[in-house]
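>
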Amino acid sequence: MAQLQKAEGQVELKCDADKFFEIWGQNPSLVSNMCPIKFPKVELNEGECWDRVGSVITWSYVIDEIGEHAFVKTRVEECDKENKLVSYNYLGGHIVEQYYKTLKSRIQAIPKDEGCTVKWTLEYEKMNENAPEADLYTDYLLGTAKDIDACLREEEVAQLERIESQVELKCHADKFFDVWASKAHLISKITPNKVAKVELVEGDWDKVGAVYNNGETTLSSAKTRVEKLDFENRSLRYSIVDGQILQTYKTFTTNIQVTPKAEAEAEGCIMKLSYEYEKLNEGAPEPIMHKDLAFDIAKDIDAHLCSA
1 MAQLQKAEGQ
11 VELKCDADKF
21 FEIWGQNPSL
31 VSNMCPIKFP
41 KVELNEGECW
51 DRVGSVITWS
61 YVIDEIGEHA
71 FVKTRVEECD
81 KENKLVSYNY
91 LGGHIVEQYY
101 KTLKSRIQAI
111 PKDEGCTVKW
121 TLEYEKMNEN
131 APEADLYTDY
141 LLGTAKDIDA
151 CLREEEVAQL
161 ERIESQVELK
171 CHADKFFDVW
181 ASKAHLISKI
191 TPNKVAKVEL
201 VEGDWDKVGA
211 VYNNGETTLS
221 SAKTRVEKLD
231 FENRSLRYSI
241 VDGQILQTYK
251 TFTTNIQVTP
261 KAEAEAEGCI
271 MKLSYEYEKL
281 NEGAPEPIMH
291 KDLAFDIAKD
301 IDAHLCSA
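According to full-length UniProt numbering, the sequence shown is numbered sequentially starting from 1.
(1) Beta carbon of LEU236, beta carbon of LYS228: below 8 Å?
(2) Below 8 Å between beta carbons: does that hold for SER274 and ILE163?
(3) For the beta strand (DSSP E) holding GLU97, just list the boundary residues, first then last.
(4) Which residues in the same chain as CYS35 place their Cβ atom closer than 6 Å to its Cβ, once the five residues preceding and following it in sequence are excluded?
(5) Per the contact definition of three or more C-beta pairs closer than 8 Å, is the region 295-303 in contact with the region 163-173?
(6) Pick helix, strand or coil for ASN33, following the three-state DSSP scheme.
(7) Is the beta carbon of VAL211 sitting closer than 8 Å to the one on GLY203?
(8) Helix, strand or coil for MET1, going by three-state DSSP, please let me know.
(9) Taking the alpha-carbon of PHE177 as reference, which of ASN255, LYS104, LYS250 has the nearest alpha-carbon?
(10) With a floor of 3 residues, list each beta strand (DSSP E) that falls wholly inside the region 206-265, ordered by position along the chain.
(11) When we look at the beta-carbon of PHE21 and count the other beta-carbons within 10 Å, is it buried (16 or more) or exposed?
(12) Report yes or no: do three or more beta-carbon pairs, one from the region 10-17 and one from the region 92-105, lie closer than 8 Å?
(13) Between the alpha carbons of ARG52 and VAL76, how many angstroms are there, rounded?
(14) Thinking just about the alpha-carbon of each residue, which of LEU246, ASP139, PRO111 is nearest to the one in LYS81?
(15) Taking DSSP as the reference, what is the three-state secondary structure of MET271?
(16) Would you call the CB atoms of ILE28 and VAL62 closer than 8 Å?
(17) Find out if the Cβ-Cβ distance for the pair ILE107, VAL118 is shorter than 8 Å.
(18) Where does the unbroken beta strand (DSSP E) through LEU44 begin, and where does it stop?
(19) Identify the residues that DSSP records as bridge partners of ALA109: which are they?
(20) Would PHE252 be called buried (16 or more neighbouring beta carbons within 10 Å of its own) or exposed?
(21) State the start and end residues of the unbroken beta strand (DSSP E) segment that holds LEU186.
(22) Check VAL195 in the structure and name its three-state DSSP category.
(23) Take the Cβ of ASP16 as the centre, count every other Cβ of all protein chains shown within 10 Å, and call the residue buried at 16 or more, exposed below.
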């Protein structure tokens with residue numbers, strides 16, 4: 001009986017794990033845009049979307065080193081957005097028909113403090129003893145991951161802008177962060193003149209992937225998605241996925257970190273806020289008013305917690 005074999009590898013990237021997974025796991029058509037020489041075309045053949053289990057995708061690829069210009073057809077077997085993992089079963093194409101009786105791949109992007117680690121695993125059963133090991137394909141795919149990383153970094157440098165600031169508060173760091181991270185629905189009750197309503201649309205309040213609507217504020221309404229959530233370090237990252245703010249900015253991401261003051265100082269904490277954004281056009285303003293509103297809301301929450 002033939003034995004299953006594995007070819008595994010990993011690569012350290014500078015890009016965000018979510019961004020890499022959004023490309024390879026959720027919209028692989030972008031792979032051909034970023035790596036047109038290695039992957040001239042990526043097409044969705046079956047299914048409503050790229051990241052749906054059961055969807056069938058055809059990848060045209062070129063490996064000049066071994067003179068292989070061919071295609072493979074894959075079916076999505078798993079797409080775990082929370083763990084940034086996607087796996088494929090290979091249904092047809094050159095390497096399946098010529099070399100491997102079965103072939104599956106598993107890709108996972110693991111976040112780090114700076115960047116991410118991408119792990120790639122190919123599990124296969126050879127047609128015969130003359131079939132090549134799959135390590136050369138693993139190396140090829142890891143090289144593609146590096147190319148995607150380089151493209152993402154170039155886009156960030158060229159287009160993303162950033163502002164950051166901080167405000168000192170009197171309340172306990174854990175209590176303040178808990179409101180932002182897991183009890184955001186209380187914000188509209190604490191400061192109704194600034195935030196009319198906050199409602200959960202998808203997921204759980206205190207989980208990555210949660211989507212909620214911020215009802216009309218003094219500036220605009222928005223739908224946000226939690227991208228990162230770290231209770232131990234009291235840090236939160238969320239992106240705007242819909243709303244009036246996207247009429248001004250192409251992308252808009254908020255980072256919040258809450259740190260206790262030094263022991264020698266009075267009880268309290270510091271809220272650090274940063275925005276990463278891409279303007280729709282040169283006339284778009286910097287989000288100073290959004291920053292000021294966020295700090296006004298923070299001060300209202302602070303006063304509420306201190307009086308409780």
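Every residue gets a Cβ at the ideal spot worked out from N, C-alpha and C, and that includes glycine.
Since this is a predicted model, take the numbers as computed values, not measurements.
According to the structure data:
(1) Residue 236 sits at position 236 when you count from the first residue of the sequence shown. Residue 228 sits at position 228 when you count from the first residue of the sequence shown. Yes, these two residues count as a Cβ contact at 8 Å.
(2) Counting from one through the sequence shown, the residue named residue 274 turns up at place 274. Counting from one through the sequence shown, the residue named residue 163 turns up at place 163. Going by C-beta atoms, SER274 is nearer than 8 Å to ILE163.
(3) Along the sequence shown, one-based indexing puts residue 97 at 97. Counting along the chain, GLU97 falls outside any beta strand (DSSP E), though it belongs to the alpha helix (DSSP H) covering 94-98.
(4) Stepping through the sequence shown from its first residue, residue 35 is reached at position 35. Cβ within range, chain order: THR144, ASP147.
(5) yes
(6) Start at 1 with the first residue of the sequence shown, and residue 33 comes out as number 33. Reduced to three states, the DSSP call for ASN33 is helix.
(7) Looking up residue 211 in the sequence shown gives position 211. Looking up residue 203 in the sequence shown gives position 203. Going by C-beta atoms, VAL211 is nearer than 8 Å to GLY203.
(8) In the sequence shown, residue 1 corresponds to position 1, counting from 1. Because the pLDDT at MET1 is just 44, under 50, the model does not fix this residue reliably, and the value given afterwards should be weighed accordingly. It is coil, neither helix nor strand.
(9) As a position in the sequence shown, residue 177 is number 177, starting the count at 1. Nearest of ASN255, LYS104, LYS250 to PHE177, Cα basis: ASN255.
(10) 211-214, 222-230, 235-243, 249-260
(11) As a position in the sequence shown, residue 21 is number 21, starting the count at 1. Its Cβ being crowded by 16 or more others within 10 Å, PHE21 is buried.
(12) no
(13) One-based indexing of the sequence shown puts residue 52 at position 52. One-based indexing of the sequence shown puts residue 76 at position 76. Cα to Cα, ARG52 sits roughly 7 Å from VAL76.
(14) Here residue 81 is taken as the residue at index 81 of the sequence shown, counted from 1. Closest option to LYS81, Cα to Cα, is PRO111.
(15) By 1-based counting over the sequence shown, the position of residue 271 is 271. Correct three-state label for MET271: strand.
(16) Here residue 28 refers to the residue found at position 28 when the sequence shown is read from its first residue. Here residue 62 refers to the residue found at position 62 when the sequence shown is read from its first residue. Here residue 28 is Pro; the residue named in the question, Ile, does not match the sequence. In this structure, VAL62 does not lie closer than 8 Å to PRO28 by Cβ.
(17) Locating residue 107 in the sequence shown gives position 107, counting from the first residue. Locating residue 118 in the sequence shown gives position 118, counting from the first residue. Yes; because the gap between Cβ atoms is below 8 Å, this pair is in contact.
(18) Taking the first residue of the sequence shown as position 1, residue 44 is located at position 44. Segment 41-46, the beta strand (DSSP E) holding LEU44.
(19) Here residue 109 is taken as the residue at index 109 of the sequence shown, counted from 1. Bridge partners of ALA109: VAL118.
(20) On the sequence shown, residue 252 is found 252 positions in, with the first residue counted as 1. The residue in question, PHE252, is buried, as its Cβ has 16 or more Cβ neighbours within 10 Å.
(21) As a working mapping, residue 186 is identified with position 186 in the sequence shown. Unbroken run through LEU186: none, as it is neither H nor E.
(22) Position 195 of the sequence shown holds residue 195. VAL195: strand per DSSP, three-state reduction.
(23) Locating residue 16 in the sequence shown gives position 16, counting from the first residue. By the neighbour-count rule (16 or more Cβ atoms within 10 Å), ASP16 is buried.
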